[in-house]
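A.B. asks: Quick one: structure below, then a few questions.
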Amino acid sequence: MEEGGNSKKSIFSRRNFLKASSVTLAAGAAGQFLPTGSKGTRKALAQQAKPGAATKKFNFCGVCSANCAMVAHIMDGRAVKLTGNPDDQIAHGKLCVKGYAALKNLYDPDRLKYPMKRTNPKKGPGEDPGWVKISWDEAFNLTGQKFNEAKEKHGPESIAIFSRPHDWIHRLGKAIGTPNLIRHHNTCYSNQQAMWRACTGQGNRPWMHDLANAKYILSFGWDLPGKAKNMAARDYVKAISNGAKAVVIDPRLSITASMADEWIPIKPGTDLAFMLAMINIIVNEELYDKEFVSKYTQGLDQLKAAVQDYTPAWAEGITEVSAGTITRIAREFSSVKPASIPSHKRDAGGPNYTNSWRASFAMIILNALVGSIDREGGVIFERTPSMVSFDSLFPAPEFPAMRKERVDGFEKHGIMGAMGRGDFSTITDAILTEQPYPLKAALFRKHNVLAFPDAVKFTEALQKLDFIAVLDIMPTEIVQMADVVLPEPYFLETAGMGNRVYFAFYPQIALRQPIIDPLYDTKGFGAIIEGIAKAMGLEKYFEGVSGGKLRQERLKALGTSWEDLNKSPNGMWADKKPFKPTEKFKTKSEKIELYSTALEEAGYDPLPYWQPRREAPSDNYPFNYIIARPPMHRMTESQNNPLALQTYSENTAIMNTGAAHNLGIRHGDEVVVESRAGRIKLKAELTNGIRPDCVCVFHGFGHWSKDLSLAYQRGANDGDLIPRINIKEMVALKDPGAGAAMQDFGVRVYKA
Ligand SMILES: Nc1nc2c(c(=O)[nH]1)N[C@H]1C(S)=C(S)[C@@H](COP(=O)(O)OP(=O)(O)OC[C@H]3O[C@@H](n4cnc5c(=O)[nH]c(N)nc54)[C@H](O)[C@@H]3O)O[C@H]1N2
Ligand SMILES: Nc1nc2c(c(=O)[nH]1)N[C@H]1C(S)=C(S)[C@@H](COP(=O)(O)OP(=O)(O)OC[C@H]3O[C@@H](n4cnc5c(=O)[nH]c(N)nc54)[C@H](O)[C@@H]3O)O[C@H]1N2
Ligand code: SF4
Ligand SMILES: [Mo]
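The structure is reproduced here in structure tokens:
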């Protein structure tokens with residue numbers, strides 16, 4: 239690959255790649271994320287019926303948020319195999335490599351087995367917490383007492399709950415009276431969510447895509463096949479096998495790029511310029527879908543006026559992709575039907591750069607211009623069953639008054655602020671400086687230390703808190719920072735139901751049955767939250783609340799029941815109705831707003847004007863830093879899984895061969911990667927599949943918890959290099975999604 243180059247053909251021809259991938263499939267489990275048909279699964283299921291054979295239970299995968307429905311095969315009380323549920327819209331009978339490996343998590347000997355308290359007050363890497371086993375009563379009482387102490391001395395807002403959104407968590411937060419429910423979204427997809435809300439009025443961004451029917455697929459860093467997301471890989475391969483053209487714009491030769499017709503290694507953080515130039519061509523040459531645009535969008539004239547200066551020649555200077563290539567792709571994209579730009583979380587529209595929200599905006603506009611929003615071959619709004627709400631079923635007594643100002647400043651962002659998601663970038667400085675006010679205690683669930691920008695500093699900040707309670711399943715780094723540990727069962731030991739979201743052309747629900755009895759002295763999430771509430775004297779907010787009743791009422795409203803779902807021969811409930819494209823969108827104008835009035839009202843640019851990223855590489859830090867994740871690992875949760883480690887055992891600094899050699903770095907050498915925030919040491923991995931000005935590090939490694947016996951000290955944490963942002967800086971960035979700018983800084987690399 240040349241730097242500053244024009245588009246390049248993929249280094250693999252498509253046919254050779256597919257041939258090569260089928261060889262890998264035959265060779266081992268690592269390749270199983272690619273679809274191979276569900277015949278084998280059906281045969282295995284048929285065998286279950288025979289007496290003396292394994293019994294089967296239904297569940298759905300909790301390793302990632304795709305939640306593929308699974309069938310568990312149990313022999314003599316032990317789960318021996320997981321397979322995909324053939325009737326699930328998402329799984330289509332297949333799991334991915336991470337899902338198949340989930341049994342190793344279930345039976346991981348390092349799992350948390352009972353409640354514990356620490357005896358060593360010192361916290362952090364290298365400190366032994368001095369765990370002591372305690373009873374559940376003691377765990378609840380200690381947590382309740384410490385939370386109440388913080389509440390009485392410093393106000394309820396001095397308690398923060400770090401957790402993904404959940405009914406029980408919302409209830410607990412309101413009962414305590416803290417506005418500080420802090421979630422990870424601004425490191426993940428908040429930009430995309432903000433922009434879909436602004437342009438289409440959807441509460442969230444769409445989670446699915448009709449890739450199988452697309453004839454032209456344009457990816458700006460979209461790489462779900464490279465995450466082993468089965469449903470995406472399956473349809474991507476199907477589309478290109480049916481003759482669709484795939485073009486991947488990515489500084490790195492991703493797995494998606496390796497299967498594409500064309501790989502365009504764009505300069506990082508400049509996709510917005512490429513997209514604006516595409517819009518310029520499509521609008522000026524009137525190549526857009528006239529019927530769709532006039533019927534379902536508003537703001538074309540303002541958009542046209544705004545993009546006049548954004549010519550392909552202008553974009554060439556910014557993106558290092560030739561004007562000819564940009565023009566050709568704009569024309570192809572708007573003439574082949576259906577064409578679309580799939581997008582998920584951390585692609586060019588994710589919270590990677592300070593201009594990423596504008597790129598997310600431009601991607602929505604491009605999809606709208608070619609009529610690919612909620613249409614065949616395009617981005618699809620998932621069709622999920624409507625659910626009775628927790629609050630309507632369990633109305634609460636009046637909640638205490640709550641301070642509006644959040645400790646992470648998230649309420650200061652119009653559009654996303656209202657959703658109360660949370661900011662992982664600003665929380666560290668807020669704790670350290672006690673601004674806007676002091677935080678004294680925290681409850682953590684499903685969030686780990688290594689997920690925070692500048693994780694080293696975040697760990698330091700946590701040492702300032704008086705008390706930390708952690709709900710977890712494994713002794714990860716956040717557990718090492720805990721005063722009290724409240725262990726939960728693994729999802730395979732729990733009951734529940736899950737809407738199909740990632741592939742929901744029609745409403746469908748999957749059943750979750752405990753596949754074995756819980757192995758340890760754990761308690762379900764709801765029971766733990768209620769236990770804490772009771773110990774705090776807040777039991778009135780949870781009176782009558784029950785997960786069983788919630789499930790039952792939700793199913794009743796759909797005309798079925800928990801009993802029926804449990805009796806269903808395939809572990810699924812479905813309301814198969816034909817797909818009806820959206821006619822009216824949920825914006826003020828009931829159209830897709832190319833000129834967003836919602837953004838304008840909230841004080842943001844209503845159009846995706848050009849803005850460069852915050853911090854391009856400099857003489858001091860000459861490399862772009864790229865973060866991605868490998869197919870076989872899941873965030874910081876799988877590095878103790880022996881199967882995942884067999885296929886990928888530690889992360890590396892992925893560099894361009896020529897650029898590394900210029901620095902005297904050879905494949906396998908130890909190198910230091912350093913940013914203005916920190917430094918990490920790992921092995922260099924050299925490839926031609928990355929731009930010479932980039933270094934890529936996969937996320938998930940660098941564990942310092944000694945209780946993770948396999949994960950301990952493998953590789954390094956990419957996030958030690960990400961500069962945190964304080965509230966003032968975050969507000970000044972005027973990003974409607976309050977994105978964490980995960981890659982918006984330069985790094986230097988040298989031999990260790
Ligand atoms: N296997 C696996 N799957 C997962 C996860 C996991 O940990 N493991 N995590 C899940 C979660 S929570 C998330 S958020 C998603 C994330 O999954 P993705 O959204 O696929 O995000 P990344 O893995 O970060 O990959 C982003 C891609 O963007 C490219 N990129 C970086 N900078 C630029 C740029 O400036 N321009 C362009 N065009 N491309 C760029 C990178 O090279 C990379 O190929 O994956 C989900 N699925
Ligand atoms: N440096 C860096 N930071 C990042 C990212 C990155 O690429 N690089 N990516 C960002 C993104 S996209 C995301 S989505 C976030 C994810 O960040 P997190 O949501 O914090 O995800 P993990 O780091 O995997 O940590 C999850 C924790 O939950 C625990 N856990 C798993 N299952 C259960 C369960 O059923 N119950 C309970 N109680 N605990 C459980 C795990 O053991 C682990 O301690 O990270 C963000 N932070
Ligand atoms: S894609 Fe893989 S990890 Fe995610 S839910 Fe499906 S099987 Fe599980
Ligand atoms: Mo994410």
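Per this note's numbering: the sequence shown = residues 239 to 990.
Each residue gets a CB set at the ideal place from its N, CA and C atoms; glycine is no exception.
Since the model is a prediction, treat every value here as computed from it, not as a measurement.
1) Using the beta carbon as the reference atom, which residues fall closer than 6 Å to any heavy atom of ligand 4, ordered along the chain?
2) Identify which residue in I766, G382, T732, A699 has its Cα closest to the Cα of L757.
3) Would a C-beta distance cut-off of 8 Å place I665 and R349 closer than the cut-off?
4) List in chain order: all unbroken alpha helix (DSSP H) runs of 4+ residues lying wholly within the region 569-650.
5) Using the C-alpha atoms, what's the distance from T760 back to P727?
6) Start and end of the beta strand (DSSP E) containing K737?
7) Taking 8 Å as the threshold, find out whether the region 712-720 comes into contact with the region 977-986 through three or more Cβ pairs.
8) L333: beta carbon under 7 Å from a heavy atom of ligand 3?
9) Starting from the C-beta of R750, find all residues in its chain whose C-beta is less than 8 Å away, skip the five residues before and the five after it, and write them out in chain order.
10) Do the CB positions of M893 and D325 come within less than 8 Å of each other?
11) Is it right to say N862 is buried, meaning 16 or more other beta carbons lie within 10 angstroms of its own, or is it exposed?
12) State the DSSP-derived secondary structure class of V559, mapped to helix, strand or coil.
13) Just the Cα atoms here: how many angstroms apart are A484 and D473?
14) Output the boundary residues of the alpha helix (DSSP H) element that contains N468.
15) Between G537, I520, L456, which has its C-alpha nearest I502's C-alpha?
16) When the distance is taken between beta carbons, is V545 closer than 8 Å to I504?
17) Hey, would you say I614 sits closer than 8 Å to P576, going by beta carbons?
18) The beta strand (DSSP E) spanning M968 covers which residue range?
19) Got a sec: does ligand 2 put a non-hydrogen atom nearer than 7 Å to the Cβ of T874?
20) Would you give the residue range spanned by the beta strand (DSSP E) that A866 belongs to?
21) Under the rule that 16 or more other beta-carbon atoms within 10 Å means buried, what is H422, buried or exposed?
22) Per DSSP, which one or two residues make a beta bridge with F458?
23) Out of F817, S834, K818, point me to the one whose CA is closest to T825's CA.
24) Go ahead and label D973 buried or exposed: buried means 16 or more other beta carbons lie within 10 angstroms of its beta carbon, across all protein chains shown.
25) Tell me the rounded alpha-carbon separation between D405 and F628.
26) Grouping DSSP H, G and I as helix and E and B as strand, with all else coil, what is V783?
27) Using only alpha-carbon positions, find the residue among F696, K684, R659 that is nearest to T671.
28) If you pair each beta-carbon of the region 861-878 with each one of the region 942-950, do three or more pairs fall below 8 Å?
29) I'd like the list of long-range same chain contacts for G300, defined as Cβ closer than 7 Å, with 5 residues on each side in sequence excluded.
30) Could you have a look at F690 and say whether DSSP puts it in helix, strand or coil?
31) Give the secondary structure of N894 by DSSP, where H, G and I count as helix, E and B as strand, and everything else as coil.
32) Assuming G537 and I493 are in contact, meaning their beta carbons sit under 8 Å apart, how far apart are those beta carbons, in whole angstroms?
33) Here's a check: name, in chain order, each residue in its chain whose Cβ is nearer than 6 Å to the Cβ of P394, leaving out the five neighbours to either side.
34) Are N429 and S598 closer than 8 Å when you measure CB to CB?
35) Relative to ligand 2, is the shortest distance from any of its heavy atoms to the C-beta of A714 smaller than 7 Å?
36) Comparing C-alpha positions only, which one of R621, T549, R914, H330 sits nearest to N468?
C.D. replies: By the coordinates alone:
1) C426, K583
2) As a position in the sequence shown, residue 757 is number 519, starting the count at 1. Nearest of I766, G382, T732, A699 to L757, Cα basis: T732.
3) Position 427 of the sequence shown, counting from 1, holds the residue named residue 665. Position 111 of the sequence shown, counting from 1, holds the residue named residue 349. No.
4) 594-607, 628-631
5) Mapped onto the sequence shown, residue 727 falls at position 489. Mapped onto the sequence shown, residue 760 falls at position 522. The alpha-carbon atoms of P727 and T760 are separated by roughly 5 Å.
6) Residue mapping note: residue 737 aligns to position 499 of the sequence shown, counting from 1. Going by the sequence as given, residue 737 is Asn instead of Lys. Taken as a continuous stretch (DSSP letters only), the beta strand (DSSP E) holding N737 covers 734-737.
7) no
8) Residue numbering aside, residue 333 sits at position 95 when the sequence shown is read from its first letter. Yes, the beta carbon of L333 sits closer than 7 Å to at least one heavy atom of ligand 3.
9) The residue you call residue 750 lines up with position 512 of the sequence shown. Once the five neighbours on either side are set aside, the close Cβ partners of R750 are F296, N297, F298, F729, T732, A733, G734, M735, G736.
10) For this step, residue 893 is matched to residue 655 along the sequence shown. For this step, residue 325 is matched to residue 87 along the sequence shown. No, these two residues do not count as a Cβ contact at 8 Å.
11) By 1-based counting over the sequence shown, the position of residue 862 is 624. N862 comes out buried.
12) Locating residue 559 in the sequence shown gives position 321, where the first residue counts as 1. In this structure, V559 counts as coil in the three-state DSSP scheme.
13) Your numbering for residue 484 matches position 246 in the sequence shown. Your numbering for residue 473 matches position 235 in the sequence shown. Rounded to whole angstroms, A484 to D473 spans 12 Å at the Cα level.
14) Within the sequence shown, the letter at position 230 stands for residue 468. Where N468 is concerned, the enclosing alpha helix (DSSP H) stretches over 468-479.
15) Within the sequence shown, the letter at position 264 stands for residue 502. The residue with the shortest Cα to Cα distance from I502 is L456.
16) Counted from its first residue, the sequence shown places residue 504 at position 266. Counted from its first residue, the sequence shown places residue 545 at position 307. Contact: no.
17) Start at 1 with the first residue of the sequence shown, and residue 614 comes out as number 376. Start at 1 with the first residue of the sequence shown, and residue 576 comes out as number 338. According to the sequence as given, residue 614 is Glu; it is not Ile. Against a cut-off of 8 Å, the Cβ pair of P576 and E614 comes out as a contact.
18) Taking the sequence shown and counting its residues from 1, one reaches residue 968 at position 730. Here M968 belongs to no beta strand (DSSP E); instead the alpha helix (DSSP H) covers 965-970.
19) Reading the sequence shown from its first residue, position 636 is the one you call residue 874. Answer for T874: yes, Cβ within range of ligand 2.
20) Here residue 866 is taken as the residue at index 628 of the sequence shown, counted from 1. Taken as a continuous stretch (DSSP letters only), the beta strand (DSSP E) holding A866 covers 861-866.
21) Numbered from its first residue, the sequence shown carries residue 422 at position 184. Buried, by the Cβ-count rule.
22) Indexing the sequence shown from 1 puts residue 458 at position 220. Answer is I487, bridged to F458.
23) Locating residue 825 in the sequence shown gives position 587, counting from the first residue. Of the candidates F817, S834, K818, the one whose C-alpha sits nearest the C-alpha of T825 is S834.
24) The residue you call residue 973 lines up with position 735 of the sequence shown. Buried: at least 16 other Cβ atoms inside 10 Å.
25) Locating residue 405 in the sequence shown gives position 167, where the first residue counts as 1. Locating residue 628 in the sequence shown gives position 390, where the first residue counts as 1. Approximately 6 Å between the Cα atoms of the pair.
26) Looking up residue 783 in the sequence shown gives position 545. V783: coil per DSSP, three-state reduction.
27) By one-based count along the sequence shown, residue 671 stands at place 433. Among F696, K684, R659, the Cα nearest to that of T671 is on F696.
28) yes
29) As a working mapping, residue 300 is identified with position 62 in the sequence shown. F729, listed in sequence order.
30) In the sequence shown, the residue the question calls residue 690 occupies position 452. Reduced to three states, the DSSP call for F690 is coil.
31) Residue numbering aside, residue 894 sits at position 656 when the sequence shown is read from its first letter. Strand.
32) Along the sequence shown, one-based indexing puts residue 537 at 299. Along the sequence shown, one-based indexing puts residue 493 at 255. Wrong, their Cβ atoms sit about 36 Å apart, outside the cutoff.
33) For this step, residue 394 is matched to residue 156 along the sequence shown. Hits under 6 Å: I414, G415, T416.
34) Your numbering for residue 429 matches position 191 in the sequence shown. Your numbering for residue 598 matches position 360 in the sequence shown. Yes, the pair counts as a contact, with Cβ atoms nearer than the cut-off.
35) The residue you call residue 714 lines up with position 476 of the sequence shown. Per the sequence shown, the amino acid found at residue 714 is Thr instead of Ala. Checking every heavy atom of ligand 2 against the Cβ of T714, one is found closer than 7 Å.
36) Position 230 of the sequence shown, counted from the first residue, corresponds to residue 468. Of R621, T549, R914, H330, the residue nearest in Cα terms is H330.
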